[in-house]
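Remarks on the structure that follows.
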Amino acid sequence: LDGTDKIDITLVEGNIDHDALTNTHNLTTDIDHDTITNYDSNEHVDHTGVTLTAGDGLDGTGDISASRTFSLDLKANGGCVIESTELAVDLGAASITGTLAIGDGGSGQTTQQAAIDILTAVSGATNEYILTKDTGTGNAVWKINSGGGAPVGASYVVLALHAELTNENVLTAGNGIDINTISGSTVTIDVDETELDSYLLPFSFSGFVATNVHDAIVEAYTDNAYHEGFANGDLAGGVLTVTHNLGRQFVNYAVYNDSNDNIIPDSAVCTSTTVLTVDLSSYGTLSGNWNIKVNA
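Here the UniProt record's numbering is used: the first residue of the sequence shown is 1, the next is one more, and so on.
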């Protein structure tokens with residue numbers, strides 16, 4: 001516009017119809033989409049072409065055309081559970097397998113006995129050590145076995161190697177007793193017959209002399225005993241007849257040869273309370289002096 005004349009222009013609010021305008025021109029041109037002001041590439045993505053994939057242990061794979069929620073893919077009875085939206089371990093699950101090493105707080109074993117046996121792997125234990133409870137910490141520790149003992153109902157007593165006795169009541173070998181000890185074995189208490197012989201023998205009564213413990217203890221005379229010495233000439237047909245009033249017909253007897261060995265006769269019969277017949281015919285001709293002892 002040129003000149004001094006004024007032109008009044010009134011702006012009317014509204015939509016402009018391009019096709020209704022006169023002297024308009026159709027323009028054909030290329031527009032760079034990425035250079036348009038306020039361009040947002042995320043508003044122009046095909047959401048069905050983008051897939052979210054759940055990895056190992058997860059569930060919820062799908063494209064982004066809808067909201068996706070990923071969750072843990074838990075094995076049935078595998079031990080892991082969700083409690084109040086939080087992951088937890090169910091120790092009662094039936095399919096829990098594997099072991100937990102000692103260094104991780106377990107035993108490394110699958111059975112109770114194997115766990116007990118593996119205690120030998122615990123450091124600090126040597127021969128003759130025992131596993132016990134430490135009263136200070138309450139933990140199990142290896143300690144030197146300080147002594148032996150016997151539990152209630154035990155049939156034997158065990159004394160630890162190198163242990164020292166203090167106020168314990170113990171059995172010791174006295175006169176006539178021999179303790180045969182062998183390292184690593186049991187202790188057997190025997191009667192030392194030689195020692196007993198020195199205390200009890202010789203034992204004699206009414207001419208009978210006992211020269212061994214068996215004769216002195218088992219075959220000792222009683223107050224109502226009768227002893228008689230005899231030789232081969234005192235036998236009649238190999239039978240010895242003993243006549244003595246013992247007060248009863250049933251008696252005990254013992255026959256000894258000339259070496260004081262206890263002899264078992266072929267037979268012995270009390271025919272009355274005063275007569276005992278002893279058959280020695282199987283011994284043939286007797287040598288030396290023999291003895292017979294009869295106890296009522």
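All C-beta atoms, glycine included, are put in the ideal place defined by N, C-alpha and C.
Check: Candidates 285, 62, 77 and 271: closest to residue 234 by CA position; Outcome: 285
Check: Helix, strand or coil at residue 227 according to DSSP, with G and I counted as helix; Outcome: strand
Check: Delimiting residues of the beta strand (DSSP E) encompassing residue 132; Outcome: 129-133
Check: Supposed close pair residue 275, residue 240 - CB separation, criterion 8 Å; Outcome: Not a contact, Cβ separation roughly 11 Å.
Check: Bridge-paired residues (DSSP) for residue 59; Outcome: 71
Check: Test item: CB-CB of residue 263 and residue 257 under 7 Å; Outcome: yes
Check: Three-state secondary structure (DSSP) of residue 39; Outcome: coil
Check: Under the three-state DSSP convention, the category residue 236 falls into; Outcome: strand
Check: Local conformation of residue 48 per DSSP, three classes; Outcome: helix
Check: Where residue 226 falls, given that 16 or more other Cβ within 10 Å makes a residue buried; Outcome: buried
Check: Spatially closest choice to residue 87 from 282, 48 and 57, by CA coordinates; Outcome: 57
Check: Reduced DSSP secondary structure (H/G/I, E/B, other) of residue 279; Outcome: strand
Check: Inter-residue Cα distance where the pair is residue 38 and residue 62; Outcome: 30 Å
Check: C-beta contact flag for residue 64 and residue 50 at 7 Å; Outcome: yes
Check: Cα-Cα separation, residue 68 to residue 48; Outcome: 13 Å
Check: Burial state of residue 222 (16 or more Cβ within 10 Å); Outcome: A caution first: residue 222 carries a pLDDT of 49, below 50, which makes its placement in the model unreliable, though a value can still be read off. Burial call: exposed.
Check: Proximity to residue 252 [Cα-Cα], best of 101, 294 and 78; Outcome: 294
Check: Beta-carbon proximity list for residue 91, same chain, < 8 Å, skipping 5 on both sides; Outcome: 79
Check: Residue from 85, 83 and 33 with nearest C-alpha to residue 44; Outcome: 33
Check: Burial state of residue 246 (16 or more Cβ within 10 Å); Outcome: buried
Check: Residue range of the unbroken beta strand (DSSP E) whose run includes residue 294; Outcome: 290-295
Check: Residue from 231, 243 and 142 with nearest C-alpha to residue 288; Outcome: 231
Check: Inter-residue Cα distance where the pair is residue 98 and residue 142; Outcome: 28 Å
Check: Same chain only: Cβ atoms within 7 Å of residue 283, ignoring 5 sequence neighbours per side; Outcome: none
Check: Extent of the continuous beta strand (DSSP E) run through residue 252; Outcome: 252-256
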